[in-house]
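Engineer: Numbering-wise (full-length UniProt numbering), the sequence shown opens with residue 1 and increments by one. Glycine included, C-beta positions come from ideal geometry on N, C-alpha and C. A quick note: this is a predicted structure, and the numbers were derived from the prediction, not measured.
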Amino acid sequence: NNSLLVTSHLDINKIEVECLIKLFHTLVVEPSDRHATIGLDRNMFRNILHVTFGMTDDMIMDRVFRAFDTDNDSCVSVTEWVEGLSIFLRGTLEEKMKYCFEVYDLNGDGYISREEMFHMLKNSLLKQPSEEDPDEGIKDLVEITLKKMDYDHDGKLSYTDFEKAVRDENLLLEAFGPCLPDIKVFIFACKKIK
Numbered sequence: 001n002n003s004l005l006v007t008s009h010l011d012i013n014k015i016e017v018e019c020l021i022k023l024f025h026t027l028v029v030e031p032s033d034r035h036a037t038i039g040l041d042r043n044m045f046r047n048i049l050h051v052t053f054g055m056t057d058d059m060i061m062d063r064v065f066r067a068f069d070t071d072n073d074s075c076v077s078v079t080e081w082v083e084g085l086s087i088f089l090r091g092t093l094e095e096k097m098k099y100c101f102e103v104y105d106l107n108g109d110g111y112i113s114r115e116e117m118f119h120m121l122k123n124s125l126l127k128q129p130s131e132e133d134p135d136e137g138i139k140d141l142v143e144i145t146l147k148k149m150d151y152d153h154d155g156k157l158s159y160t161d162f163e164k165a166v167r168d169e170n171l172l173l174e175a176f177g178p179c180l181p182d183i184k185v186f187i188f189a190c191k192k193i194k
């Protein structure tokens, strides 16, 4: 009976991978050109992030697409799909931190600047009708964030700053907007296609 338990535990990852592959093939439209790459283009991928995972921020969705599209061919292949989603499902804190930092580093320079923070926070916060300039509140939030996370006080977040802040307080992992889909949504999607 014990060996059955070990086997079923080992099969969980295999089952998840099979589910990810099935899910990919239910989402991908076969290309009309035989030589075209089979995969998810930017629009299809963004639609999946929006409809399936409830993401709404265009800038974040574009960055998630770029994080998944590791070979930069403007198409997420089945391999990139499985590797990307496996970070959401079973990724270590380290893998999730690297992924989130890559998504938040909008210009790819290795830092999250004040301007990048401002744009992401502005897009992720709900607009509140008020007398004051909403941009002022966001600028204040950027300064508070820098005070909390910018350990070397250079006015921008390096990966080292981000990693230390997240290790101290895990809730800061998605500080600049949701970019890790909810695992429960994935499980629900898998049950629908079985």
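(1) Would you check if the stretch 36-55 and the stretch 110-123 touch, i.e. whether three or more CB-CB distances between them fall below 8 angstroms?
(2) What do you get for D161, buried or exposed, if any count of 16 or more other CB atoms within 10 angstroms of its CB means buried?
(3) So is the beta-carbon of Y99 under 6 angstroms away from any non-hydrogen atom of the ligand GTP?
(4) Once DSSP output is grouped into helix, strand and coil, what is the label at Y111?
(5) Answer yes if the stretch 74-86 comes into contact with the stretch 36-49, meaning at least three C-beta pairs across the two stretches below 8 angstroms, and no otherwise.
(6) By the 10 Å Cβ neighbour count, where 16 or more other Cβ atoms means buried, how is G84 classified, buried or exposed?
(7) Which residue marks the beginning of the alpha helix (DSSP H) containing E174, and which one marks its end?
(8) Please name the residue, chosen from P134, E80, E16 and W81, that lies closest to K122 on a Cα-to-Cα basis.
(9) Rounded to whole angstroms, what's the CA-CA distance from G137 to G177? Just pull it up for me.
(10) According to DSSP, which residues form a beta bridge with S158?
(11) Quick one: give me the first and last residue of the alpha helix (DSSP H) that D69 is part of.
(12) Thinking C-beta only, is I48 closer than 7 angstroms to C179?
(13) Among residues of its own chain, excluding the 5 on either side of F68, which ones have a beta-carbon nearer than 6 angstroms to its beta-carbon?
(14) Expressed to the nearest angstrom, what Euclidean distance is found between the alpha-carbon atoms of D154 and V51?
(15) Which one of E174, E18, T26 and N13 has the shortest CA to CA distance from Y104?
(16) Just to confirm, is the Cβ distance from M149 to L141 under 7 angstroms?
(17) I'd like to know whether the C-beta atoms of V82 and L20 end up nearer to each other than 7 angstroms.
Structural biologist: Result, derived from the coordinates:
(1) The stretch 110-123, when compared against the stretch 36-55, does not touch it at the 8 angstroms Cβ threshold.
(2) Looking at its Cβ environment, which holds 16 or more other Cβ atoms inside 10 Å, D161 is buried.
(3) No copy of the ligand GTP appears in this structure; indeed no ligand is present at all.
(4) In the displayed model, Y111 falls within a strand according to three-state DSSP.
(5) In short, these stretches touch, since the Cβ pair count reaches three.
(6) With 16 or more other CB atoms across the displayed protein chains lying within 10 angstroms of its CB, G84 is buried.
(7) Premise fails: E174 is in no alpha helix (DSSP H) and is neither H nor E.
(8) For K122, the closest alpha carbon among the candidates P134, E80, E16 and W81 is that of P134.
(9) Each residue's Cα considered, the two are about 16 angstroms apart.
(10) Under DSSP, S158 takes part in a beta bridge, and its partners are Y111.
(11) For D69, no alpha helix (DSSP H) encloses it, and the DSSP letter there is neither H nor E.
(12) No, the pair does not count as a contact, with Cβ atoms beyond the cut-off.
(13) Cβ within range, chain order: V76, E80 and G84.
(14) Answer to the nearest angstrom: the Cα atoms are 39 angstroms apart.
(15) Out of E174, E18, T26 and N13, E174 has the C-alpha closest to the C-alpha of Y104.
(16) The Cβ atoms of M149 and L141 lie no closer than 7 angstroms to each other.
(17) A contact, by the Cβ cut-off of 7 angstroms.
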